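In short: position in the sequence shown from 1, add 1, done, that's my numbering. Worksheet for the structure shown next.
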Amino acid sequence: MKIVVFGGTGFIGKVLCNELAGKNQEVISVGKRKSGHGFTQGWGFTRIPFTRGILHRQGDIEDYEFVEKCLKGVDIVYNLVALSPLYQPIGGNRKHDEIHRRGTENIVRAAEKCGVKRMIHMSAVGANSNAETAYLRAKGNAEKIVKKSSFEWCIFRPSVVFGEGGEFISFIKKIAPPYITPLPGGGKMRFDPIWVKDLVEIMVNYTNSDFKSGEIFEIGGPEIMSMAEITKAIHSSKGRPCVVVPIPMVMQKYLMAIAEIVPSILLPFGNDQYKSLKLDPVTKGNDVEKLGKSKKELMTMQAYLAGK
2 MKIVVFGGTG
12 FIGKVLCNEL
22 AGKNQEVISV
32 GKRKSGHGFT
42 QGWGFTRIPF
52 TRGILHRQGD
62 IEDYEFVEKC
72 LKGVDIVYNL
82 VALSPLYQPI
92 GGNRKHDEIH
102 RRGTENIVRA
112 AEKCGVKRMI
122 HMSAVGANSN
132 AETAYLRAKG
142 NAEKIVKKSS
152 FEWCIFRPSV
162 VFGEGGEFIS
172 FIKKIAPPYI
182 TPLPGGGKMR
192 FDPIWVKDLV
202 EIMVNYTNSD
212 FKSGEIFEIG
222 GPEIMSMAEI
232 TKAIHSSKGR
242 PCVVVPIPMV
252 MQKYLMAIAE
262 IVPSILLPFG
272 NDQYKSLKLD
282 PVTKGNDVEK
292 LGKSKKELMT
302 MQAYLAGK
């Protein structure tokens with residue numbers, strides 16, 4: 002079976018490609034050119050090495066002809082392409098629409114033309130065309146395109162994903178230093194973080210087993226944690242204390258408004274990041290058990306950090 006993974010050079014993409022190749026699938030990893038779309042964006046670079054035998058292609062999903070060439074003779078396509086919601090993209094929030102919606106549109110149109118049988122689309126918890134942030138709106142609009150496609154499809158909406166090569170833990174370290182740690186609103190924002198290898202295993206097992214077209218799954222980890230709890234866990238794993246000092250959300254709003262007018266390459270935050278701080282990316286009903294995984298089997302963030 003021939004499988005293409007768009008976003009295959011990214012954090013989740015590399016783990017997925019290795020998992021698929023380990024099951025004797027013919028895998029093509031498609032990643033962006035090094036010129037990129039912005040500051041440490043989602044389908045960028047990761048330290049995890051590829052399994053031998055995976056074919057690589059570089060290009061731009063905004064280029065329809067390139068996408069079509071990638072999909073000729075392909076059975077299954079995974080779309081993992083994503084800009085990071087943690088940073089404001091270079092070029093502003095319109096880049097979310099260009100990459101998530103228009104990129105998905107190109108993949109779906111080319112997949113239909115090339116006779117692709119099945120698409121697995123990576124979205125996000127909270128994706129909705131009427132969502133608060135440009136990132137989630139673009140993700141919601143991309144989902145609409147997938148749902149209208151003529152081939153088999155399913156959508157995965159993970160909460161925050163952590164693991165080797167991921168940006169979430171390093172992001173927390175950057176914005177929340179140890180000892181005296183200021184956090185917006187005291188760090189009450191909640192997540193149910195999932196380990197990248199657990200997420201990938203769930204996706205691949207579902208795709209290769211009793212696949213049912215038209216399903217949408219929200220995927221989270223074994224426990225719900227606040228930003229403050231995650232920050233403390235990260236620093237305590239290195240033996241560093243962490244006392245959280247709340248930053249009023251009003252003050253944070255003004256700081257982000259100032260950041261909005263500074264070029265993204267210098268300060269990659271803006272109003273979208275402020276709005277994100279008021280959202281809880283927690284699954285409404287964690288579907289991991291529906292997909293054959295017990296929460297007890299999943300890696301906790303504390304266990305992952307302890308092994309680092």
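Cβ atoms here follow ideal geometry from the backbone N, Cα and C, with glycine treated the same way. Since the structure is predicted, the reported quantities are computational estimates derived from the model, not experimental observations.
In the three-state reduction of the DSSP assignment, E99 falls in the helix class. DSSP places L56 in no alpha helix (DSSP H) but in the uninterrupted beta strand (DSSP E) bounded by 56-59.
Excluding five sequence positions before and after Y79, the CB atoms of its chain that fall closer than 6 Å to its own CB belong to V6, I121, given in chain order. Here I77 has M2, K3, I4, V5, V117, K118, R119, M120, I121, T208 as same chain residues with Cβ atoms under 8 Å from its own Cβ, once five neighbours each way along the sequence are excluded. By the C-beta criterion, the segment 151-167 is judged to be in contact with the segment 122-136, since at least 3 inter-stretch pairs fall below 8 Å.
Within its own chain, the residues whose Cβ lies closer than 7 Å to the Cβ of L280, once the five positions on either side in sequence are excluded, are G127, E133, listed in chain order. Measuring C-alpha to C-alpha distances from V201 to each of G308, V289, S85 identifies V289 as the nearest. For I231 and G74, the gap between their C-alpha atoms comes out near 44 Å.
By the Cβ neighbour-count rule, K33 is buried, with 16 or more other Cβ atoms within 10 Å of its own. Taking C-beta atoms under 8 Å as the contact rule, I195 and G167 fail to qualify, at a distance of about 11 Å. Beta-bridge partners of I217 (DSSP): I156. With fewer than 16 other Cβ atoms inside 10 Å of its own Cβ, D211 counts as exposed.
Annotation: the continuous beta strand (DSSP E) that includes E27 extends over 27-32.
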